[in-house]
Amino acid sequence: MNVLEALRQARRLLPPVSDEPELEAELLLRHCLGVDRASLYRLLTAELSEEEQLRFRELVRRRLIHEPTAYIIGRKEFFSLDLEVTPEAIIPRPETELLVELAIEVAQENPSAQALRVADVGTGCGAIAVALAIALPEAKIAAVDSSAGALELAKRNARRHSVERRIRFISGDLLKTLNERVNVIVANLPYVTTADWRALPPEIREHEPRLALDGGEDGLRVIERLLQQAPGRLTPSGVLLAEIGHNQGRAAKAAARTVFARAAVKIVPDLAGRDRVLAVHI
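The working numbering puts the first residue of the sequence shown at 369, with every later residue one more than the last.
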């Protein structure tokens with residue numbers, strides 16, 4: 369079997385578990401062979417060894433039982449960064465890049481950007497913290513998570529991109545262990561309702577950590593706790609940015625206004641026009 373035949377075989381097998389069988393087949397085979405995309409397509413007529421064939425079949429088998437491709441290959445791109453991912457943290461999604469973009473906008477509007485302090489709460493694999501550390505080289509970043517495994521993963525991603533000295537990693541529940549005020553709180557916390565979590569595809573429900581996804585009956589349990597803690601951790605002109613579900617805008621705004629009565633509270637939509645980020649400017 370050559371490379372092209374292996375790709376074709378995987379593309380035929382993957383549609384029941386993938387909306388992008390061609391892309392996933394390519395990612396799995398690239399991982400199997402340890403090559404980049406350009407090299408893979410230069411090798412289309414190259415024969416796979418017996419060991420390579422067995423290894424590739426095992427990768428495809430894992431995908432067919434709903435293990436996410438990102439966990440199988442151990443990496444995921446986020447904000448043009450190549451990140452390590454493991455089941456210790458959820459896989460970063462493209463829609464979360466909006467949080468990074470909004471935080472960068474806040475920094476650019478801040479007259480004292482050199483002293484900007486940012487807390488990434490629920491850092492997971494460190495995607496947001498690492499992206500912000502690269503985009504805002506003068507900012508001081510704190511990355512907070514209650515999971516020791518996630519924090520270790522985030523540290524590895526920071527080292528991977530040479531920003532480990534610019535991020536302070538803090539173990540704790542939301543803002544309780546953050547001992548300073550910050551200009552910006554960025555949070556991608558659990559916001560899926562418990563009922564919706566039970567209905568998620570097995571790729572998510574059976575493999576990604578429930579603790580990082582299930583936001584309780586209304587999906588806002590953890591975000592409401594963050595809002596309650598935020599006044600004591602934000603500077604007087606601080607900003608809180610939290611990712612929310614596509615139908616949670618009204619409830620999230622109401623929750624924010626109970627805590628920040630005089631703040632400017634808005635919902636920022638994603639590119640599809642759906643509710644995506646709760647933004648509180650105090």
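Even for Gly, the Cβ is constructed at its ideal location relative to N, Cα and C.
DSSP state of residue i mapped onto helix, strand, coil
i	result
Ser407	helix
Ala440	Reading off the sequence shown, one finds Ile at residue 440, where the question assumed Ala. Here Ile440 sits in helix by DSSP.
Glu435	coil
Lys508	strand
Val371	helix
Leu608	strand
Ala385	Here residue 385 is Val; the residue named in the question, Ala, does not match the sequence. Note: Val385 maps to coil in three-state DSSP.
Pro637	strand
Thr464	helix
His399	helix
Leu470	helix
Thr603	strand
Leu588	coil
Pro570	helix
Residue(s) in a DSSP beta bridge with residue i
i	result
Leu593	As written in the sequence, residue 593 is Arg, which differs from the Leu given in the question. None; Arg593 has no bridge partner.
Asp450	Glu445
Asp582	Val560
Val645	Glu611, Val636
Leu427	Answer by DSSP bridge pairing: none, since Leu427 is not bridged.
Glu415	Asn370
Buried or exposed by the 16-neighbour rule on C-beta atoms within 10 Å, applied to residue i
i	result
Asp488	buried
Arg380	exposed
Glu574	exposed
Gly600	exposed
Thr464	buried
Tyr559	buried
Gln616	buried
Asn370	exposed
Pro570	exposed
Gly517	exposed
Thr437	buried
Thr413	exposed
Gly442	exposed
Nearest neighbour of residue i, chosen from the options [CA to CA]
i	options	result
Glu548	Tyr439, Ile509, Glu532, Ser515	Ile509
Thr562	Val648, Gly402, Arg534, Ala580	Ala580
Pro604	Asn551, Glu520, Trp565, Glu585	Asn551
Leu609	Arg528, Val645, Ile496	Val645
(message) Which complete alpha helix (DSSP H) runs does the region 476-563 hold, if anything under 4 residues is left out?
(response) The region 476-563 contains these whole alpha helix (DSSP H) runs: 495-503, 516-528.
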